[in-house]
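Asks: Residue numbers (UniProt numbering): 1 to 207.
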Amino acid sequence: MKKGFLLLASMMMLGGTSVFAQGEKEAEKLREDISKLEKMLQTKKDQLKKMTGEESIEDKDNNEEQDDKTAEDDKINGSESVILVDDTDFYIAFKEINEKEDSFFGRSHEIVFEIENRTDEKLMVQADTASIDGKMIDPSMITFFQEIGSGKRADVKMSIMSYDPKEEIPELKGDLELEINAFNFKSLESFYTYDIMLPLDEIEINQ
Numbered sequence: 001m002k003k004g005f006l007l008l009a010s011m012m013m014l015g016g017t018s019v020f021a022q023g024e025k026e027a028e029k030l031r032e033d034i035s036k037l038e039k040m041l042q043t044k045k046d047q048l049k050k051m052t053g054e055e056s057i058e059d060k061d062n063n064e065e066q067d068d069k070t071a072e073d074d075k076i077n078g079s080e081s082v083i084l085v086d087d088t089d090f091y092i093a094f095k096e097i098n099e100k101e102d103s104f105f106g107r108s109h110e111i112v113f114e115i116e117n118r119t120d121e122k123l124m125v126q127a128d129t130a131s132i133d134g135k136m137i138d139p140s141m142i143t144f145f146q147e148i149g150s151g152k153r154a155d156v157k158m159s160i161m162s163y164d165p166k167e168e169i170p171e172l173k174g175d176l177e178l179e180i181n182a183f184n185f186k187s188l189e190s191f192y193t194y195d196i197m198l199p200l201d202e203i204e205i206n207q
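1. When DSSP builds the beta bridges, which residues end up paired with M124?
2. Measure from the alpha carbon of Q126 to the alpha carbon of each residue in I132, A27, E177, T143, then state which is nearest.
3. So, with DSSP's three-state summary, where would you put L30?
4. For A27, count neighbouring C-beta atoms within 10 Å of its own C-beta (all shown protein chains included) and say buried if the count is 16 or more, exposed if not.
5. Note down, in chain order, each residue of its chain lying with its Cβ closer than 6 Å to the Cβ of M158, except the 5 sequence neighbours on either side.
6. Distance check for K44 and K50, CA to CA, integer angstroms please.
7. When you compare only the Cα positions, how much space is there between A154 and E202?
8. Whole-angstrom Cβ separation of K122 and E147, contact assumed at under 8 Å?
9. May I have the straight-line CA-CA distance separating T119 from Y91, to the nearest angstrom?
10. Nearest to D175 by CA position, among E24, V82, L200, is which residue?
11. May I ask you to report which of helix, strand or coil DSSP gives K95?
12. Looking only at its own chain, which residues have a Cβ that is under 7 Å from the Cβ of G134, when we skip the five neighbours before and after it?
13. To the nearest angstrom, report how far apart A9 and E38 are at their CA atoms.
14. Assuming L172 and I97 are in contact, meaning their beta carbons sit under 8 Å apart, how far apart are those beta carbons, in whole angstroms?
15. When burial is assigned at 16 or more other CB atoms within 10 Å of the CB, is N206 buried or exposed?
16. Please go through the same chain and pick out, in chain order, the residues whose beta-carbon is closer than 6 Å to the beta-carbon of P139, but skip the five residues on each side of it.
17. Between the alpha carbons of L41 and E204, how many angstroms are there, rounded?
18. State the CB to CB distance for the pair M136 and M161, rounded to an integer number of angstroms; the pair is presumed to be in contact (CB under 8 Å).
19. With a threshold of 16 other CB atoms inside 10 Å of the CB of I34, please say whether the residue is buried or exposed.
20. How about I196 and P170: do their beta carbons lie closer than 8 Å?
21. Judging by CA-CA distance, which residue of D86, F105, K186 is the nearest neighbour of N117?
22. Can you find a heavy atom of the ligand ATP that lies under 7 Å from the Cβ of I34?
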């Protein structure tokens with residue numbers, strides 16, 4: 001009886017090994033078939049691209065993702081300064097844009113410039129004429145003024161804020177065009193004007 005059990009167990013083990021080996025062979029064949037199909041599919045894609053000049057859906061998706069990433073990487077971030085004016089009288093550079101939220105006044109934009117007065121007199125730097133995306137901004141929304149001493153630099157903030165709860169501030173899109181004036185507040189004899197343009201769509205805005 002014991003010998004019978006041993007014989008039966010041996011037969012079952014041999015049978016199991018045979019089934020396992022057969023399964024491995026079938027799996028290997030499936031892998032080879034899949035590899036062949038993938039190569040055939042790639043060949044067909046290449047033929048279609050040559051015939052029509054069209055990209056496959058997969059290629060389009062990959063390219064669109066890459067384009068989006070490139071566009072995002074190309075944006076001017078908050079750590080970069082962009083020089084706008086650099087002459088004997090003034091140095092003006094864009095530094096950053098901040099979106100702000102106030103419980104009373106609501107949403108506002110803050111655009112920061114670094115300005116150096118290279119003249120030999122103290123001057124007031126001011127701006128109240130600006131447009132965004134081709135539309136003029138109400139001067140009452142703009143706050144931009146700073147007194148800068150001779151040979152000194154200052155971070156000058158331009159705020160765009162609505163004091164009327166019914167009036168919305170403009171969205172930051174398109175180009176910001178701005179006229180910056182500098183003058184001697186006491187004599188009004190010295191007067192400097194600079195036309196500035198910032199491509200807002202290319203700038204990373206700090207929230």
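Cβ coordinates follow ideal geometry from the N, Cα and C atoms, glycine included.
Replies: By the coordinates alone:
1. Here residue 124 corresponds to residue number 124 of the sequence shown, with the count starting at 1. BP columns for M124 point to E147, F183.
2. Start at 1 with the first residue of the sequence shown, and residue 126 comes out as number 126. Taking only the C-alpha atoms, the option nearest Q126 is T143.
3. As a working mapping, residue 30 is identified with position 30 in the sequence shown. Reduced to three states, the DSSP call for L30 is helix.
4. Walking along the sequence shown from the start, residue 27 turns up at place 27. Result: exposed.
5. Sequence index remark: in the sequence shown, residue 158 carries index 158 (1-based). Closer than 6 Å at the Cβ level, and outside the excluded window around M158, lie I111, F144.
6. Start at 1 with the first residue of the sequence shown, and residue 50 comes out as number 50. Start at 1 with the first residue of the sequence shown, and residue 44 comes out as number 44. Distance between the alpha carbons of K50 and K44: 10 Å.
7. Here residue 154 corresponds to residue number 154 of the sequence shown, with the count starting at 1. Here residue 202 corresponds to residue number 202 of the sequence shown, with the count starting at 1. If you take the alpha carbons of A154 and E202, they lie about 24 Å apart.
8. Counted from its first residue, the sequence shown places residue 122 at position 122. Counted from its first residue, the sequence shown places residue 147 at position 147. Rounded, the Cβ-Cβ distance is 6 Å, consistent with contact.
9. Position 119 of the sequence shown holds residue 119. Position 91 of the sequence shown holds residue 91. C-alpha separation (whole angstroms): 11 Å.
10. Your numbering for residue 175 matches position 175 in the sequence shown. The shortest C-alpha separation from D175 is found at L200.
11. Stepping through the sequence shown from its first residue, residue 95 is reached at position 95. Reduced to three states, the DSSP call for K95 is strand.
12. Stepping through the sequence shown from its first residue, residue 134 is reached at position 134. Excluding sequence neighbours, G134 sits near G174.
13. Residue 9 sits at position 9 when you count from the first residue of the sequence shown. Residue 38 sits at position 38 when you count from the first residue of the sequence shown. Residue placement at A9 cannot be trusted, given a pLDDT of 48 that sits under 50; what the coordinates show is reported in the next sentence. Going by the C-alpha atoms only, they are around 43 Å apart.
14. In the sequence shown, the residue the question calls residue 172 occupies position 172. In the sequence shown, the residue the question calls residue 97 occupies position 97. The pair is a contact, with the Cβ atoms about 7 Å apart (cut-off 8 Å).
15. Numbered from 1 along the sequence shown, position 206 holds the residue referred to as residue 206. N206 should be labelled exposed.
16. Translated into the one-based positions of the sequence shown, residue 139 becomes position 139. These residues qualify, in order along the chain: D128.
17. Here residue 41 refers to the residue found at position 41 of the sequence shown. Here residue 204 refers to the residue found at position 204 of the sequence shown. Approximately 41 Å, taken between the alpha carbons.
18. By one-based count along the sequence shown, residue 136 stands at place 136. By one-based count along the sequence shown, residue 161 stands at place 161. Not a contact, Cβ separation roughly 16 Å.
19. For the purposes of this step, residue 34 is identified with residue 34 of the sequence shown, where counting begins at 1. Exposed is the call here.
20. Position 196 of the sequence shown holds residue 196. Position 170 of the sequence shown holds residue 170. No, the Cβ-Cβ distance between I196 and P170 is not below 8 Å.
21. Here the question's residue 117 lines up with position 117 in the sequence shown. Nearest C-alpha to N117: D86.
22. This structure lacks the ligand ATP; in fact it carries no ligand of any kind.
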